[in-house]
Amino acid sequence: MLLSLYFNFQSAKHEVEEVYDARLGQSAKLLLLTLSISSTDDAALANYKTHFDHWMNNINQISNATADDDQPTAFGHPYEQNLVFQFYQQGQLTWSSVSDLPPLSDASSNIGYSDLLKAGEQWRTFQVSMPNSESLNQYVVVAEKQKIREEIIHEIALSTAVEQLLLLPALLLLLIWLINQYFRPISEMRSAIAQRNLHRLDRIYISKNTTELAPLVEALNSLLAELEQAWQREKRFTRTAAHELKTPLTILRLNAENALKSNDPEQLREDLANILQGIDRTDRLIHQLLTLAKVDSIGAPAFERVELSAMLKAVVSDLVPLALKQDQDISLNAEEVSCLGDKLLLEVLFRNLIDNAIRYSGKQSTICVDVTQEHHSIRVSVSDSGPTIPEAIRARIFEQFYRGASQVGDGAGLGMSICKDITSLHGASIEVTAKEGEMNCFIVRFPITNR
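Heads up, the sequence shown is in the UniProt record's numbering, so the first residue is 1 and it goes up one at a time.
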């Protein structure tokens, strides 16, 4: 602002000096021509001087009476008192518009502009001589008080400065207000982020969200949601592991203590067999817990084209020894179909379903795995000829830690829950149907759009 004021002042000064110098020069030339014409007539010159003095005296009287030197009068403007015209002939001052002002020039050779100090005032003068009048030696000096120019320059600069001094602070206040308004959401978001911690991962809400901040807020909320889910999974896994491992470890401890105290070989053998059975159950439980943690931690599975028939052949062949142990008949009838999915998760899904059928259908049962392509989906069914699953169990079989047949098997109630989570990740569905004929049936349907 100071630089702007400085350059405004210099520009105003330059322009005013140019205009006023031009006026001095033009006034001097007009005066010289007028006085030269009438200089041969002394009576006419004296008459001009009388009239001029009369006009100036009236201007002075009116200005003094009103105490206002800015208002024009019928005889002219009071500012005329700051202008001086002097006419020289034969090197002598013949006439001056201000009678008590000494001569402003001492030689006809001082033509052009000059600055001088006379009667305690700084004057800006312009002198011009009549061409081809060496014998008469006529010239005119037109002068103006320098303070008038300075006053005009200062008023112009001041008027500009006042506008800037008022405008710029107003603009500054407006900018501060706008910045505060538009940065308030940033401050609000910073405060909201500072309040988030491990125990508070809820969404961030900005009261006056902006177009620029909206994507950032959405990204942060998405991140907070993922962190919340991860934290909930971590807590759930910890609680689950602590709860589920407590019982088998307690049983193992009791069997081990009984084995140490037993002197009966048969009792010792039974206790050791119980320990091995407990170890198997604990191993299965840990495997299920790790599988659950893996499934829970997957946000977006890496899908690829999976040949279901080939994958199911591998899964069934791995589980055949377990089925043969119980004299079970297991078969696979699969069309050559494929779908998009995570191969490892799909293996876990069908391994759990087939393993469940083997464990809970009983000895000498029949287990069938069928893959068919329907109009809108790919249908994979795992059926067994085991005992009928009651309706109450079918309604809750996919809940975590729910064991419908707690008296049979050594599961922790996680297998069917894991199957449900895997099908959800693939946009598929899973259901257990009421027993039709001789078979219980678990059906998984993959939408045709995933092919």
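Just so it is clear, CB atoms sit at the ideal spot from N, CA and C, and this is done for glycine as well.
| said: Would the region 175-182 count as touching the region 142-159 if we require 3 or more Cβ pairs under 8 angstroms? | reply: no
| request: Check whether the Cβ atoms of residue 452 and MET1 lie closer than 7 angstroms to each other. | output: This structure leaves residue 452 out entirely; the chain is present only between 1 and 451.
| What distance in whole Å lies between the Cβ atoms of LEU353 and PHE442, which are believed to be in contact at a cut-off of 8 angstroms? | 5 angstroms
| message | Would the region 350-370 count as touching the region 323-342 if we require 3 or more Cβ pairs under 8 angstroms? | response | yes
| So does the region 266-285 actually touch the region 303-322, counting three or more Cβ pairs closer than 8 angstroms? | no
| request: Starting from the C-beta of LEU213, find all residues in its chain whose C-beta is less than 6 angstroms away, skip the five residues before and the five after it, and write them out in chain order. | output: PRO185
| Cross-strand partners of PHE442 (DSSP beta bridge) | VAL382, VAL432.
| query | Which value, in whole angstroms, describes the spacing of the CA atoms of ASN60 and LYS147? | reply | Straight-line Cα distance between these residues: approximately 19 angstroms.
| task | Go ahead and pull the three-state DSSP assignment for GLU347. | result | helix
| query | Since GLN138 and GLN89 are thought to touch, with beta carbons under 8 angstroms apart, how far apart are those beta carbons, to the nearest angstrom? | reply | Taking a contact as a CB-CB distance under 8 angstroms, the pair GLN138 and GLN89 counts as one, their CB atoms being some 5 angstroms apart.
| said: If distances are taken between C-alpha atoms only, which option among PRO248, LEU249, HIS199, ALA242 comes closest to ALA225? | reply: HIS199
| query | Roughly how many angstroms separate the alpha carbons of residue 476 and ILE448, rounded to a whole number? | reply | The requested residue 476 does not occur in the structure, where the chain is confined to residues 1 to 451.
| request: Report the three-state DSSP secondary structure of TYR205 (helix, strand or coil). | output: Looking at TYR205 - three-state DSSP - the assignment turns out to be coil, as it is neither helix nor strand.
| task | Work out the CA separation of GLN373 and LEU308 for me, nearest whole Å. | result | 11 angstroms
| field | Pairwise C-alpha distance: VAL128 and ALA107 | value | 11 angstroms
| field | Pairwise C-alpha distance: ALA219 and GLU228 | value | 14 angstroms
| Under the three-state reduction of DSSP, which class applies to PRO387: helix, strand or coil? | coil
| GLY120 in three-state terms, based on DSSP | coil
| Whole-angstrom distance between LEU414 and THR282, CA atom to CA atom | Taking the CA atoms as reference points, THR282 sits about 13 angstroms from LEU414.
| Beta-carbon proximity of SER96 to GLN86, cut-off 7 angstroms | yes
| field | As assigned by DSSP and simplified to three states, the class of PRO321 | value | Residue state, collapsed to three classes: helix.
| query | Taking VAL380 as the reference, which of VAL432, ALA395, LEU223, ARG396 has the closest Cα? | reply | VAL432
| query | Across which residues does DSSP place PHE85 in a beta bridge pair? | reply | VAL142
| task | Assign residue 454 to buried or exposed, taking buried as 16 or more other Cβ atoms, counted over all protein chains shown, within 10 Å of its Cβ. | result | Any question about residue 454 goes unanswered here, given that the chain covers just 1 to 451.
| With C-beta atoms as the reference, is ALA357 less than 7 angstroms away from ASP327? | no
| query | Looking at VAL141 and residue 511, is the spacing between their C-beta atoms short of 7 angstroms? | reply | Lying outside 1 to 451, the shown extent of the chain, residue 511 is not represented and no answer is given.
| said: Within 10 Å of its beta-carbon, does GLY120 have 16 or more other beta-carbons around it, so buried, or fewer, so exposed? | reply: exposed
| query | Name the DSSP bridge partner or partners of ASN197? | reply | Checking the DSSP bridge columns, you'll see ASN197 partnered with ARG200.
| request: Kindly indicate which three-state DSSP category GLN407 falls into: helix, strand or coil? | output: Confidence in GLN407 is poor, its pLDDT being 49 and thus under 50, which makes the residue's placement unreliable; the coordinate value appears in the next sentence. Coil, per DSSP.
| field | Simplified DSSP state of LEU290, which is helix, strand or coil | value | helix
| field | Boundaries of the beta strand (DSSP E) in which SER96 is found, first to last residue | value | 92-96
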